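For the sequence shown, my numbering begins at 1293 and goes up steadily by one. Shown next, in structure tokens, is the structure this report addresses.
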Amino acid sequence: MLTFAPIGFGFMVKRRMELINTVIFISFFACLPGIAIILPNFTHLSPLMLPLLYMEAIGVYYVCSTQSAKIIFTEIFLSALCIYMYTYFVTRDYDLHNTAQETPTELKYAIYEANSLHRKVMIISPLGRSMYVVPRFYSPISPYKFNEIKANEKEVEHTYYRNYGKWYFDDHLDSQPNKSWVYLVHDSSGTNNELRKMNSKKYGTYTLYWK
């Protein structure tokens, strides 16, 4: 649907003296330096959504100038939205309610337990590096301390989100378990014989292993 955004941008340029268009222009161009400086993902692109959707609305308004055209566009848009909702909430229903769904309360206690063992912790989950923020949420750390830890990393590792301090993150275990480490493993990630020989404690969809 964002194909209408460039058309809307063109109409906005013609009417750039209007206050709302000026505000949207400022919002749009303010986002561009950030995209140029970093390698953006969908989270970084979120600030662009408001100006882009506004431009799309302007484009739709002028392109679909007749009532019948507006109705056709609305039907197409709603059909696409319904298809998306079906694929997300029905096709992925099992994942959303089982293995891919986090259990915050139980996971919190697993993080507490892992942190209390004072060892390096490997969190293995289908979410992989997305788990990067979880220990920081349940075990807060001073921004100054966090920056001090990250300053010791190589520059190329700063945006990999594979580890910080004693916390490490991956979607699979690609080496033999180390007795000096603690492993927090999601059920869907599987285990190996060496892990099964270690002490373990169940936390919802996660199991904590240690020696």
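Positions of the beta carbon are idealized from the N, C-alpha and C atoms, including for glycine. Bear in mind the structure is a predicted one, so any value in this text is a computation, not a measurement.
In chain order, ILE1350 and TYR1354 place their CB closer than 6 angstroms to the CB of PHE1303, counting only its own chain and leaving out the 5 sequence neighbours on each side. Under the three-state reduction of DSSP, HIS1410 is assigned to coil, being neither helix nor strand. Scanning THR1379, PRO1432 and VAL1382 for the CA closest to the CA of ILE1403 turns up PRO1432. Straight through space, the alpha carbons of ARG1307 and LEU1294 are spaced by roughly 20 angstroms. Taking the C-beta atoms as reference points, LEU1409 is found no nearer than 8 angstroms to VAL1477.
Within the DSSP bridge table, the entry for HIS1336 names no partner.
Counting only residues of its own chain and dropping the five nearest sequence neighbours on each side, ASP1479 has a CB closer than 8 angstroms to the CB of THR1391, THR1497, TYR1498 and THR1499.
Apart from the 5 residues on each side of it in sequence, TYR1495 sits with its Cβ closer than 7 angstroms to the Cβ of GLU1398, LEU1399, TYR1401 and ALA1402 in its chain, given in chain order. In the structure shown, SER1480 falls within a helical segment according to DSSP collapsed to helix, strand and coil. With contacts defined as CB atoms closer than 8 angstroms, ASP1463 and SER1417 qualify as a contacting pair. Burial state of MET1377 is exposed, judged by a 10 Å Cβ sphere holding fewer than 16 other Cβ atoms. Residue environment analysis places GLU1348 among the buried positions, since at least 16 neighbouring C-beta atoms fall within 10 angstroms of its C-beta. The DSSP-derived three-state label of SER1360 is helix. Looking at the backbone, the Cα of SER1319 and that of ILE1375 are separated by about 31 angstroms. When the Cα atoms are used, ILE1415 and TYR1424 turn out to be separated by approximately 9 angstroms. In the DSSP assignment, THR1499 falls within the unbroken beta strand (DSSP E) covering 1498 to 1502. Here VAL1305 is exposed: its Cβ has fewer than 16 other Cβ atoms, across all protein chains shown, within 10 Å.
Between the alpha carbons of CYS1323 and TYR1460 lies a distance of about 32 angstroms.
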